[in-house]
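Numbering (this note's numbering), first residue to last: 8 to 171. Structure first, commentary second.
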């Protein structure tokens, strides 16, 4: 009598993910979602132009107690993203990337990843308790704003802000 074959999938932790980073392609950005590594497309010109404009606007209008960041954001023990922009509370404890609880706003500029940004990523940010999440739809020339707790999308078209 043979035993049934079982396959076990190991979900990486953020710590394990960081230990593997040296072996991942330095030319690509990598994110961890529910223990799985996602290889992100390199940003194109429209993405970069919109991101530069947003970064300038956010830095000029930054409120006291908040900082603008484009680094990693840890959502859980098995999920860490690299959003395009974040407004974070300036008080941080410990090393490593900030935790989602310090984020007031997360922004993803979406030139080619709209389904991922409005699907899996939206659900992950919502589950992590991020109070506000924007997806800048470059092709649709609009911003999809998601507010806690329900994260229902609200679309708006900022004047001139999405013209790369």
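Yeah, the Cβ is synthetic: ideal placement off N, Cα and C, and Gly gets one too. Bear in mind the structure is a predicted one, so any value in this text is a computation, not a measurement.
What is the residue span of the beta strand (DSSP E) that residue i lies within?
i, result
"residue 151", "149 to 154"
"residue 24", "Where residue 24 is concerned, there is no enclosing beta strand (DSSP E), although the alpha helix (DSSP H) it sits in stretches over 21 to 27."
"residue 132", "No beta strand (DSSP E) contains residue 132, which is instead part of the alpha helix (DSSP H) from 127 to 134."
In three-state terms, what does DSSP make of residue i?
i, result
"residue 121", "helix"
"residue 62", "helix"
"residue 170", "Low confidence applies to residue 170: its pLDDT is 41, below 50, so where it sits in the model is not reliable enough to give any reading."
"residue 163", "strand"
Sorted by chain position, which residues of the same chain lie with C-beta nearer than 6 Å to residue i's C-beta, five sequence neighbours on each side aside?
i, result
"residue 135", "82, 107"
"residue 66", "75"
"residue 137", "107, 110, 113"
I'd like the list of long-range same chain contacts for residue i, defined as Cβ closer than 7 Å, with 5 residues on each side in sequence excluded.
i, result
"residue 54", "116, 118, 145"
"residue 170", "Because residue 170 sits at a pLDDT of 41, beneath the cut-off of 50, its placement in the model cannot be relied upon, and the following sentence gives the value as read from the coordinates. Hits under 7 Å: none found."
"residue 86", "39, 40, 41, 131"
"residue 124", "115, 117, 142"
Beta-carbon within less than 8 Å of residue i's beta-carbon, same chain only, minus the 5 sequence neighbours each way: which residues are those?
i, result
"residue 61", "91, 92, 114, 116, 143, 168"
With 16 other CB atoms within 10 Å as the buried threshold, where does residue i fall?
i, result
"residue 155", "exposed"
Residue range of the alpha helix (DSSP H) that residue i falls in?
i, result
"residue 68", "No alpha helix (DSSP H) contains residue 68, which DSSP labels as neither H nor E."
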